[in-house]
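Numbered according to mature numbering (1 follows the signal peptide of the UniProt record, and there is no 0), the sequence shown spans residues -19 to -1, 1 to 109.
Each residue gets a CB set at the ideal place from its N, CA and C atoms; glycine is no exception.
These figures come from a predicted structure and were not determined experimentally.
A short write-up of the structure that comes next.
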Amino acid sequence: MIRALTLIAALCAGCQAVAAQTEQVTNGRDTETASRVRLRALDTLDGGVTDLVLRVGETARFKRLEITAETCRVPVDDPKADAFAFLRIRDTREAEPRFSGWMLASSPALSALDHPRYDVWVVGCDDG
């Protein structure tokens, strides 16, 4: 019983942390969820740029990267103004994700993928 309560408390704390992080990222603006994330990926070795469109919950592959779109949010008052996407990005040669967190379309350097070869950034979110 105590183990179950401890587990429930830990899960609740995790949910609160995600909610607090979302509030920080969106800067208190009212947002709504979009169904698709538009990304741009760059291979710095060959200079190739690829546009990717992922449905929320979908995982796509760009060369050695597996990119999962967890959620995407846009401002209610002006959906084209910005986009906030929670992404998980893993190099297929590594066990742990290289990136797990929020990326902002308006500030790509604020929270960026740290990879020696690839760059990925959010272009926008939509319901296309």
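For Val57, which residues of its own chain have a beta-carbon under 7 Å away from its beta-carbon, when the five flanking residues on both sides are left out?
Asp11, Thr12 and Glu13
Rounded to whole angstroms, what is the Cα-Cα separation between Val34 and Pro97?
23 Å
Hey, Thr52 and Val30: beta-carbon distance below 8 Å or not?
no
Pull up the distance between the alpha-carbon of Gln92 and that of Ile48, whole angstroms please.
Before going further, note that residue 92 is Ser rather than Gln in the sequence given. Taking the straight line from one Cα to the other gives about 15 Å.
Could you tell me whether the Cβ atoms of Leu68 and Ala90 are closer together than 8 Å?
no
Going by CA-CA distance only, name the one from Val101, Ala86 and Asp27 that's closest to Asp63.
Ala86
How would you label Arg19, buried or exposed, when you count the other beta carbons within 10 angstroms and need 16 or more for buried?
buried
If you draw a straight line from the alpha carbon of Leu23 to that of Asp59, how long is it in whole angstroms?
28 Å
Per DSSP, Val57 forms a beta bridge with which residues?
For Val57, which the question treats as bridged, DSSP gives no partner whatsoever.
With H, G and I counted as helix, E and B as strand and the rest as coil, what does DSSP make of Thr52?
strand
Residue span of the beta strand (DSSP E) that contains Glu13, given as start and end:
Thr12 to Thr14
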